[in-house]
Amino acid sequence: MVKHCIYCKCEIDQNSVVDVCARCGYAVWGEKMFQAIIENMEGARKTGSLDQGSISTASFKVADKLKYG
57 MVKHCIYCKC EIDQNSVVDV CARCGYAVWG EKMFQAIIEN MEGARKTGSL
107 DQGSISTASF KVADKLKYG
């Protein structure tokens, strides 16, 4: 399944942490803010907190790690 930008509908990388292409992201938030959003969301993905709201086995594994250290 291909991901699309929520604004212009162009294709974006499947592994993108946001559903917005760079062109639209810069237009909406500005270059510096959009880069900060991307960096923070990639950091959240690495720590496992990006998927907190989803129900999956990966989410449960992260929750168990946090709960039991």
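In the numbering used here, the protein residues as written are 57 to 125. We put the beta carbon where it would ideally sit given N, CA and C, even for glycine. Quick caveat, the model's predicted, so the values are computed rather than measured.
Residue i - partner residues in DSSP beta bridges
{"i": "Lys59", "result": "Ile68"}
Whole-angstrom C-beta distance between residue j and residue i, which should lie under 8 Å
{"i": "Glu67", "j": "Val58", "result": "5 Å"}
{"i": "Gly81", "j": "Phe90", "result": "4 Å"}
Chain C within 8 Å of residue i, Cβ atoms only
{"i": "Met97", "result": "Looking at the structure shown, chain C is missing, and only one protein chain is on hand."}
Distance, residue j Cα to residue i Cα
{"i": "Val74", "j": "Arg101", "result": "11 Å"}
{"i": "Leu106", "j": "Arg79", "result": "23 Å"}
{"i": "Cys64", "j": "Gly104", "result": "29 Å"}
{"i": "Asn96", "j": "Cys61", "result": "19 Å"}
{"i": "Glu87", "j": "Asp69", "result": "19 Å"}
{"i": "Asn71", "j": "Ala83", "result": "21 Å"}
Residue j beta carbon less than 8 Å from that of residue i
{"i": "Trp85", "j": "Ile94", "result": "no"}
Helix, strand or coil at residue i according to DSSP, with G and I counted as helix
{"i": "Gly86", "result": "coil"}
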